[in-house]
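Peer 1: In our numbering, the protein residues as written are 38 to 210. This structure is in structure tokens; I'll ask about it shortly.
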């Protein structure tokens with residue numbers, strides 16, 4: 038009985054140490070990323086969505102470094118979401134946290150990937166949106182619930198990117 042109790046206590050202590058180290062690492066990441074600009078607010082009125090897809094918000098990372106998860110503003114937490122593409126930008130309506138809105142003028146690129154920040158799927162199974170937040174370029178990953186939605190999302194995002202320079206030219210910028 039003593040061996041079982043000692044083993045149980047050892048496992049509990051090791052789990053507590055591991056949890057403590059994870060918490061220290063996350064706090065350090067939050068401090069390093071404290072200078073990241075505030076997220077854009079969701080406009081009060083959005084045009085009808087060109088496409089809405091259910092799926093999973095995977096994470097937002099530093100562009101090109103898909104293991105460097107952004108912790109501030111709740112961008113590092115994975116969860117169910119709806120991704121919709123509007124004329125004004127892209128909306129990630131994340132369940133359990135505030136929505137993430139990326140204005141059309143901030144979107145720089147889109148594509149697909151096999152994985153990011155600990156989520157790995159089949160070849161090109163994630164939709165990846167590249168965008169600027171202040172002076173920082175970020176990548177946001179989204180996994181569609183239905184495979185057919187992925188290509189439609191990528192096409193809608195390409196249209197959004199293509200339309201952005203035209204909007205600037207029309208406004209005289």
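Ideal Cβ positions, reconstructed from N, Cα and C, are used throughout, including at glycine.
Helix, strand or coil for residue 199 per DSSP?
Peer 2: If DSSP states are grouped into helix, strand and coil, residue 199 belongs with the helices.
Peer 1: Among 127, 57, 50 and 117, whose alpha-carbon lies nearest the alpha-carbon of residue 80?
Peer 2: Checking every option, the nearest Cα to that of residue 80 belongs to 127.
Peer 1: My output table needs one value for residue 50: the three-state DSSP class, helix, strand or coil.
Peer 2: If DSSP states are grouped into helix, strand and coil, residue 50 belongs with the helices.
Peer 1: Could you pull the DSSP bridge partners for residue 122 from this structure?
Peer 2: BP columns for residue 122 point to 88 and 127.
Peer 1: Please go through the same chain and pick out, in chain order, the residues whose beta-carbon is closer than 7 Å to the beta-carbon of residue 148, but skip the five residues on each side of it.
Peer 2: Here the set comprises 165.
Peer 1: Relative to the C-alpha of residue 187, which candidate in 177, 199, 172 and 162 has its C-alpha closest?
Peer 2: The shortest C-alpha separation from residue 187 is found at 162.
Peer 1: Going straight from the alpha carbon of residue 203 to that of residue 86, what length do you get?
Peer 2: In this prediction, residue 203 has a pLDDT of 42, which is less than 50 and means its spatial position is unreliable; what the coordinates show is noted afterwards. Near 19 Å, if we compare the C-alpha coordinates of residue 86 and residue 203.
Peer 1: Which stretch, first to last residue, makes up the beta strand (DSSP E) that contains residue 173?
Peer 2: Residues 173–181.
Peer 1: Starting from residue 148, trace the beta strand (DSSP E) both ways and give me its first and last residue.
Peer 2: 144–150 is the extent of the beta strand (DSSP E) around residue 148.
Peer 1: Under 8 Å: do the segment 111–129 and the segment 90–97 share three or more Cβ pairs, one atom per stretch?
Peer 2: Verdict: yes, contact present.
Peer 1: Is the distance from the Cβ of residue 112 to the Cβ of residue 137 below 9 Å?
Peer 2: A contact, by the Cβ cut-off of 9 Å.
Peer 1: According to DSSP, is residue 206 part of a helix, a strand, or is it coil?
Peer 2: Residue confidence for residue 206 is low, a pLDDT of 41 falling below 50, so the modelled location carries little weight; the figure read from the coordinates is stated next. The answer is helix: DSSP assigns residue 206 an H, G or I state.
Peer 1: Should residue 200 go down as buried or exposed, given a rule of 16 or more other Cβ atoms within 10 Å for buried?
Peer 2: So residue 200 counts as exposed.
Peer 1: Once you ignore the five residues that flank residue 83 on each side, which residues in its own chain have a CB closer than 6 Å to its CB?
Peer 2: Cβ neighbours of residue 83 beyond the five flanking positions: 123 and 125.
Peer 1: Measure the CB-CB distance between residue 88 and residue 193 and report whether it falls below 9 Å.
Peer 2: In contact: residue 88 and residue 193 (Cβ atoms closer than 9 Å).
Peer 1: Hey, how far is the Cα of residue 180 from the Cα of residue 129?
Peer 2: When rounded, the distance between both Cα atoms is 12 Å.
Peer 1: Along the chain, where does the beta strand (DSSP E) containing residue 137 start, and where does it finish?
Peer 2: Note, residue 137: beta strand (DSSP E), 137–140.
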